[in-house]
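> Please find one structure pasted underneath; my questions will follow.
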Ligand code: HEM
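In our numbering, the protein residues as written are 2 to 351.
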């Protein structure tokens, strides 16, 4: 073979091998991903991301990435607000599921307690002497607040549990009509209730500072557990102080979050609204559960308590039995049964 023929044969061989290696490389290169996963153990999600070049893009959208929108307005450029999903899970999950169980538990405990202990009577003969316990202003404040609390409780719980409880009872149209009225009542009464609650806190905070004998009152169950025993109490006893501080903490949280929800035009984000809604509903459920206990104590459990909050006066014996330390402060202002008809007085030594 001539050297020319040799050169041509060599060039052919190089071209053939070059073609084969490029062809083989082109065929095998896409399979390298599988090799990478098999050898490196990289997660399946990562492989999916490699094969979906827009995965990161959609993930960003899902996590609230703000894009461009010609529509003006708060968060109008957010396509998917991820927090909404979490809010829904919490609201329709633990809050909606455990709330009714808490109410049922409180009602059951109170019913058992009432069956076991009955009503606490005022001991001994009644002298007919009375002392002013609540001024007219305090009674009006209490009852206006209580009526609004009940209205807010009924309308709020209707909105929270309406889908599960009221749609089966009223039907979708009936529930829609009631829900419209309920939200209007809730949103209008709420701000007035916040005002009266704030006044209640200011007016009664001075009487609700915890003292050592309040701990003793709570330890002894206020004398409700062992009949005849009555631990010391000032104008407000240990139990009433607990109720007061529930109002001043959980109640205040419910009121503040209520304002955030009722007036959404002050720049609060959806995240803030969602968090407020969760605190508002969970706080309200706890507040209502404790209020059931307060209502039980004020009506069924204690003879003479309602008389105090309606006429303003309580008997000398009631005051001595339930609020002995307070009675010592006000006993000079005692009036006879007949004179207690005037209910506009203002307790001067409070
Ligand atoms: C409608 C149901 C209610 C009834 C039957 C009721 C009954 C009573 C009664 C009888 C008293 C006087 C207790 C005593 O003389 O020691 C009282 C005190 C009081 N009530 Fe009510 N109440 C009701 C609702 C409410 C609500 C909704 C609130 C607040 C949100 C409230 C807050 C208070 C406070 C702060 C006191 C003063 C004693 C304390 O610090 O606990 N009440 N209630």
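Think of the CB as a built atom: it goes at the ideal place given N, C-alpha and C, for glycine as much as any other residue.
Given this structure, state the Cα-to-Cα distance separating residue 161 from residue 263, to the nearest angstrom.
Whole-angstrom Cα-Cα distance: 16 Å.
> Taking Cβ to Cβ, would you say residue 201 is nearer than 7 Å to residue 146?
Cβ distance < 7 Å, so residue 201 and residue 146 count as in contact.
> By DSSP, does residue 133 sit in helix, in strand, or in coil?
If DSSP states are grouped into helix, strand and coil, residue 133 belongs with the strands.
> Compute every distance between the C-beta of residue 202 and the non-hydrogen atoms of the ligand HEM, then say whether any falls below 6 Å.
No.
> Within the present structure, is the beta-carbon of residue 141 separated from the nearest heavy atom of the ligand HEM by less than 6 Å?
No, the ligand HEM has no heavy atom inside 6 Å of this Cβ.
> By a C-beta neighbour count over all protein chains shown, 10 Å radius and 16 as the cutoff for buried, is residue 20 buried or exposed?
Classification of residue 20: exposed, given that the 10 Å Cβ count is below 16.
> Is it true that the stretch 220-236 meets the stretch 179-189, where meeting means three or more beta-carbon pairs spaced less than 8 Å apart?
The stretch 220-236, when compared against the stretch 179-189, does not touch it at the 8 Å Cβ threshold.
> Would you call the CB atoms of residue 315 and residue 89 closer than 7 Å?
No.
> Go to residue 315, then tell me how far its beta strand (DSSP E) extends in each direction, as first and last residue.
Per DSSP, residue 315 belongs to the beta strand (DSSP E) from 314-316.
> Among residues of its own chain, excluding the 5 on either side of residue 336, which ones have a beta-carbon nearer than 6 Å to its beta-carbon?
Once the five neighbours on either side are set aside, the close Cβ partners of residue 336 are 131.
> Please determine, among 28, 327, 329 and 320, the residue with the shortest C-alpha to C-alpha distance to residue 125.
Of the candidates 28, 327, 329 and 320, the one whose C-alpha sits nearest the C-alpha of residue 125 is 320.
> Checking 7 Å against the spacing of the C-beta atoms, do residue 325 and residue 214 come in under that value?
Against a cut-off of 7 Å, the Cβ pair of residue 214 and residue 325 comes out as no contact.
> Check whether the Cβ of residue 217 lies closer than 6 Å to any heavy atom of the ligand HEM, and answer yes or no.
Not under cutoff, so the answer is no.
> Measuring only from the beta carbon, is residue 138 closer than 6 Å to any heavy atom that is part of the ligand HEM?
Checking the Cβ of residue 138 against the ligand HEM gives no.
> Determine whether the beta carbon atoms of residue 304 and residue 120 lie at a separation below 7 Å.
Contact: yes.
> Mapping DSSP to helix, strand and coil, what is residue 159?
Reduced to three states, the DSSP call for residue 159 is helix.
> Can you tell me the Cβ-Cβ gap for residue 286 and residue 103, rounded? I've got them flagged as a contact below 8 Å.
About 6 Å; that satisfies the 8 Å criterion.
> Going by the DSSP bridge assignment, what does residue 1 pair with across the sheet?
Given a span of 2 to 351 for the chain in the structure shown, any question on residue 1 remains unanswerable.
> Assuming residue 84 and residue 275 make a contact with CB atoms under 8 Å, what is their CB distance in whole Å?
With a Cβ gap of about 5 Å, residue 84 and residue 275 count as contacting.
> If you draw a straight line from the C-alpha of residue 296 to the C-alpha of residue 128, how long is it?
Cα to Cα, the separation comes out at about 28 Å.
> Judging by CA-CA distance, which residue of 152, 8, 117 and 283 is the nearest neighbour of residue 194?
Comparing Cα-Cα distances from residue 194 to each of 152, 8, 117 and 283, the minimum goes to 152.
> Residue 113: which of 307, 309, 301 and 328 sits nearest, CA to CA?
Of 307, 309, 301 and 328, the residue nearest in Cα terms is 301.
> May I ask you to list the residues that DSSP assigns as paired with residue 79?
BP columns for residue 79 point to 67.
> Would you decide whether residue 106 is buried or exposed? Buried here means 16 or more other CB atoms lie within 10 Å of its CB.
Looking at its Cβ environment, which holds fewer than 16 other Cβ atoms inside 10 Å, residue 106 is exposed.
> Out of 250, 208 and 230, state which residue places its alpha-carbon closest to the alpha-carbon of residue 123.
Residue 230 is the option with its Cα nearest to residue 123.
> Under the criterion of a Cβ to heavy atom distance below 6 Å, does residue 307 qualify as lining the ligand HEM?
Checking the Cβ of residue 307 against the ligand HEM gives yes.
> So which of 79, 138 and 73 has the shortest CA-CA distance to residue 61?
Of the listed residues, the one whose Cα sits closest to residue 61 is 79.
> In whole angstroms, give me the CA-to-CA distance for residue 344 and residue 116.
The pLDDT assigned to residue 344 is 49, lower than 50, so where the model puts this residue is not dependable; a value taken from the coordinates is nonetheless given after this. Their Cα atoms are separated by approximately 34 Å.
> Please list the terminal residues of the continuous alpha helix (DSSP H) segment that includes residue 260.
Counting along the chain, the alpha helix (DSSP H) containing residue 260 begins and ends at 253-263.
> Is residue 147 close to the ligand HEM? I mean its beta-carbon at under 6 Å from any heavy atom of the ligand.
Checking every heavy atom of the ligand HEM against the Cβ of residue 147, one is found closer than 6 Å.
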